[in-house]
Amino acid sequence: MSSSNREKARVGIAAAVSLGSALLLGGCVQPLYMTTTAGGGAVGDELQAIRVEPIPDRLGHYVTTELVSQLNGSGSVVTPKYRLVVTLSERMSTPIINTFTGQAEAGAVSVDAAYQLFPLTGATDKPLAVGSVSQFVSYDRTSQRLSNVRAARDAEIRNARTIAEQIRTRVAIALAK
């Protein structure tokens, strides 16, 4: 057997072993949203049964809208089983200042969110899930005021989307346990 034939055989065996182990291990993974909860229901169904309490201010509106969309994006009417309470704090800063002009060249929006998931039935004073998430988004600033306002608002919207995704994921993990 020549060395090129041995190399082809070695590559073929390695590919077969890789494919075989991927097929065997593929059965070991279960999607998060299809797992069953302690009550036997699917996590996706439990996420749809979460009522998001209104969050004040503009950023709160963005986060509330994103959470409602991500938890029950199907629009189906589900009787709520849980209540999600979110508290936000937001900081805006200008971390980069041009020393020549004295104007800020970049802005940053930092958001911290604390959340609590309560059951609507039974002992409602003890939360099922408690946690906090943070997100930091920067944006470019220009000499035009309206552009800066719009860029800051876009940063808030990006923060809201990411905060909602993080909360949804952590709540799903808590419900899957």
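With UniProt numbering as the guide, the letters of the sequence shown map in order to residues 1 to 177. Backbone N, C-alpha and C define an ideal beta-carbon position, used for all residues, glycine too.
Three-way DSSP call (helix, strand, coil) for residue i in this model
| i | result |
| --- | --- |
| residue 130 | strand |
| residue 49 | coil |
| residue 73 | coil |
| residue 87 | strand |
| residue 125 | coil |
| residue 117 | strand |
| residue 109 | strand |
Buried/exposed call for residue i, threshold 16 Cβ in 10 Å
| i | result |
| --- | --- |
| residue 88 | buried |
| residue 97 | exposed |
| residue 55 | buried |
| residue 50 | buried |
| residue 5 | exposed |
| residue 15 | exposed |
| residue 9 | exposed |
Check whether residue i and residue j have beta carbons under 8 Å apart
| i | j | result |
| --- | --- | --- |
| residue 84 | residue 67 | yes |
| residue 170 | residue 122 | no |
| residue 163 | residue 109 | no |
| residue 106 | residue 95 | yes |
| residue 48 | residue 165 | no |
| residue 104 | residue 141 | yes |
| residue 177 | residue 119 | no |
| residue 172 | residue 63 | no |
| residue 155 | residue 137 | yes |
Extent of the continuous beta strand (DSSP E) to which residue i belongs
| i | result |
| --- | --- |
| residue 99 | No beta strand (DSSP E) holds residue 99; DSSP gives it neither H nor E. |
Candidates the options, of which the one nearest residue i by Cα
| i | options | result |
| --- | --- | --- |
| residue 167 | 144, 95, 149 and 135 | 135 |
| residue 129 | 47, 175 and 17 | 175 |
| residue 182 | 93, 57 and 72 | Residue 182 lies beyond the residue range present for the chain, which begins at 1 and ends at 177; the question has no answer from this structure. |
| residue 46 | 21, 79, 53 and 57 | 79 |
Where the alpha helix (DSSP H) containing residue i begins and where it ends
| i | result |
| --- | --- |
| residue 166 | 145-176 |
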